[in-house]
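These protein sequence lines map, in sequence, to chains V and G. First residue of the first sequence? That's 1 in the working numbering, and the numbers climb one at a time after it. First residue of the second sequence? That's 1001 in the working numbering, and the numbers climb one at a time after it.
2 protein chains.
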Amino acid sequence: MQITNQNTPDNRDKRGDSTRLALIQAGLELFGEYGFKGTTTRMLCDRAGANISSIPYYFDSKQGLYLAVMEYIVERMQKHFGEVRTMMKSITRTDSIPRDKAIMTIKLMIRSLAQLFVESDEPKAWVQLIMREQARPTQAFDIIYEGQMKYIQQVFSTLIAVCTGLPPESDDVKLRSHALIGQILIFTLSREALLRHLNVRKFTTEHIEKIYAILLEHAESCIFTKQPELSK
Amino acid sequence: MQITNQNTPDNRDKRGDSTRLALIQAGLELFGEYGFKGTTTRMLCDRAGANISSIPYYFDSKQGLYLAVMEYIVERMQKHFGEVRTMMKSITRTDSIPRDKAIMTIKLMIRSLAQLFVESDEPKAWVQLIMREQARPTQAFDIIYEGQMKYIQQVFSTLIAVCTGLPPESDDVKLRSHALIGQILIFTLSREALLRHLNVRKFTTEHIEKIYAILLEHAESCIFTKQPELSK
DNA sequence: GTCTATAGTCGGATAGAC
DNA sequence: GTCTATCCGACTATAGAC
Chain V
1 MQITNQNTPD
11 NRDKRGDSTR
21 LALIQAGLEL
31 FGEYGFKGTT
41 TRMLCDRAGA
51 NISSIPYYFD
61 SKQGLYLAVM
71 EYIVERMQKH
81 FGEVRTMMKS
91 ITRTDSIPRD
101 KAIMTIKLMI
111 RSLAQLFVES
121 DEPKAWVQLI
131 MREQARPTQA
141 FDIIYEGQMK
151 YIQQVFSTLI
161 AVCTGLPPES
171 DDVKLRSHAL
181 IGQILIFTLS
191 REALLRHLNV
201 RKFTTEHIEK
211 IYAILLEHAE
221 SCIFTKQPEL
231 SK
Chain G
1001 MQITNQNTPD
1011 NRDKRGDSTR
1021 LALIQAGLEL
1031 FGEYGFKGTT
1041 TRMLCDRAGA
1051 NISSIPYYFD
1061 SKQGLYLAVM
1071 EYIVERMQKH
1081 FGEVRTMMKS
1091 ITRTDSIPRD
1101 KAIMTIKLMI
1111 RSLAQLFVES
1121 DEPKAWVQLI
1131 MREQARPTQA
1141 FDIIYEGQMK
1151 YIQQVFSTLI
1161 AVCTGLPPES
1171 DDVKLRSHAL
1181 IGQILIFTLS
1191 REALLRHLNV
1201 RKFTTEHIEK
1211 IYAILLEHAE
1221 SCIFTKQPEL
1231 SK
């Protein structure tokens, strides 16, 4: 005998949860591509396979769903960068990290960030949403910035400070870490122009390997630049 | 005796032109900040000091104004990069540029691009619009890409090919030029996050000088990387 | 929790006076 | 060319049955 959506507490919760999640997933994709106003509640519900009134039901409003999507991004980023953050948290003074370990860590982080942003599709939506918010920051930008971006900036800055010997709180270090992170994001953000220039519709494995190589080269230029001052 | 908007042919044309231009200017700022749907015709007309029906009158529709804004961007970019393009156009084979001149040219271009994008405000709107279009390319993206971006990519690629000795049509060169251009744009695109990290509300002259230095360092890492192969 | 129907709002485009 | 008034369509949110 088939069980058809009985109102046992268990089934209720599961159905509710999956609708909720489907809407967030839809929001992730659509808000990133079309922007907040460019995405209609109808588009969201169609994509999620949910009813129009499920948005006010679960999130109060379209705006509520948008904020929930931002919180979801923070959660997901946490998953990806959680280990690094935990590792870094224990370090209070930059001189407690050996330089060679810092270099290795930076390279690892770049590779993993690049893998995440260049290869997979979900983070592409994250980046697009974040960039839209930077054009005109709203409450949603605070969620992302305070929730994750801030810590990624800190981790990179700390590592670069160790590698270069520059003071960890200096603007120089902050600008360098920005350049390094941005370098990765631009391959996601400006993918369309790059694909047209390459005359392809999708990156090949060779492209991606080459991108990694270029990113690492750049990282080295950031890292070794101030080296001479270290030897004094 | 004051002349008050008489319908002499001259005054008519001038008034029309200035309304047209004011709308494009408004579109430039607002579409970049809020996106196409996020910008209403009422916002545009308020900003431009024009009447609502002036949009259908001059541009047929809101979409028409949007496309006109894109064409305007192409024109303006032309102004900025025109000389370099003309200079480059005459060069068909990469070996006709001496390497040291190519290096100098790249550095000059980076500085002038950075000056344009980091310091002034109008190009900020260009970049934002272009990035929005890359999230979901429409007819408008073609206007920009075919109108200007394509040539900037070509100029950079040619120069990098000369500097590195890599084949000018290789993907390697294209990826490197993308990284180089993107590096500049990210300081515009992700300005908000950087300002928060720096704990300031506006870049100082020192920040900007430092940004130039970092961009040039990176350019060097792109340029000198393949150098050994040149000496064979 | 999910559905349909609909209220209420807003935005783009038009008509027609000046 | 510019203005006011207005139409019409699209959108978000709600009401209330199931």
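Ideal Cβ placement from N, Cα and C applies to all residues, glycine included.
Chain-order list of chain G residues neighbouring glutamine 153 of chain V: Ala1193, His1197, by C-beta distance under 8 Å. Within 8 Å of the CB of threonine 1225 of chain G, the CB atoms of chain V belong to Glu217, in sequence order along the chain.
Using a Cβ distance threshold of 8 Å, leucine 215 of chain V and isoleucine 130 of chain V do not count as a contacting pair. Taking the Cα of lysine 202 of chain V as reference, the smallest distance to any Cα among V:Asp171, V:Glu119, V:Gln139, V:Ala135 is reached at V:Glu119. For phenylalanine 81 of chain V and glutamine 1078 of chain G, the gap between their C-alpha atoms comes out near 42 Å. The beta carbon of proline 168 of chain V does not come within 8 Å of any beta carbon belonging to chain G, so the residue lies off that interface. For the pair of segments examined, the region 1153-1164 of chain G was found to touch the region 1172-1182 of chain G: the number of CB pairs separated by less than 8 Å reaches three. Residue contact with chain V for histidine 1080 of chain G: absent (no Cβ-Cβ distance below 8 Å to any residue of chain V). Fewer than three pairs of CB atoms, one per stretch, sit closer than 8 Å, so the region 196-211 of chain V makes no contact with the region 1195-1209 of chain G. Cβ-Cβ distances below 8 Å link leucine 1030 of chain G to Thr1039, Met1043, Leu1044, Arg1047 in the same chain, with the five nearest sequence neighbours on each side left out; the list follows chain order. If you ignore the 5 residues before and after leucine 1113 of chain G, its C-beta comes within less than 7 Å of the C-beta of Ile1184, all in its own chain and listed in chain order. The beta-carbon of aspartate 172 of chain V is placed less than 8 Å from the nearest beta-carbon of chain G. In the structure shown, valine 1162 of chain G adopts helical secondary structure according to DSSP, grouped into three states. Residues of chain G whose Cβ lies closer than 9 Å to the Cβ of glutamine 183 of chain V are, in chain order, Ala1179, Gly1182, Gln1183, Ile1186, His1218.
With fewer than 16 neighbouring CB atoms inside 10 Å of its own CB, proline 98 of chain V falls in the exposed class. It is roughly 19 Å from the alpha-carbon of glutamate 1075 of chain G to the alpha-carbon of threonine 1138 of chain G. Rounded to the nearest angstrom, the gap between the Cα atoms of glutamate 133 of chain V and isoleucine 106 of chain V is 27 Å. Interface residue (Cβ-Cβ distance to chain G less than 8 Å): glutamine 128 of chain V is classified as such.
In terms of CA proximity to histidine 178 of chain V, G:Phe1187 leads the group G:Met1070, G:Phe1187, G:Ala1179. Cβ neighbours of tyrosine 72 of chain V within its own chain (closer than 6 Å, five residues either side excluded): Ile24. In this structure, serine 1221 of chain G lies away from glutamate 209 of chain V, with their beta-carbon atoms at least 8 Å apart. Going by DSSP, valine 74 of chain V is part of the alpha helix (DSSP H) stretching over 62-89.
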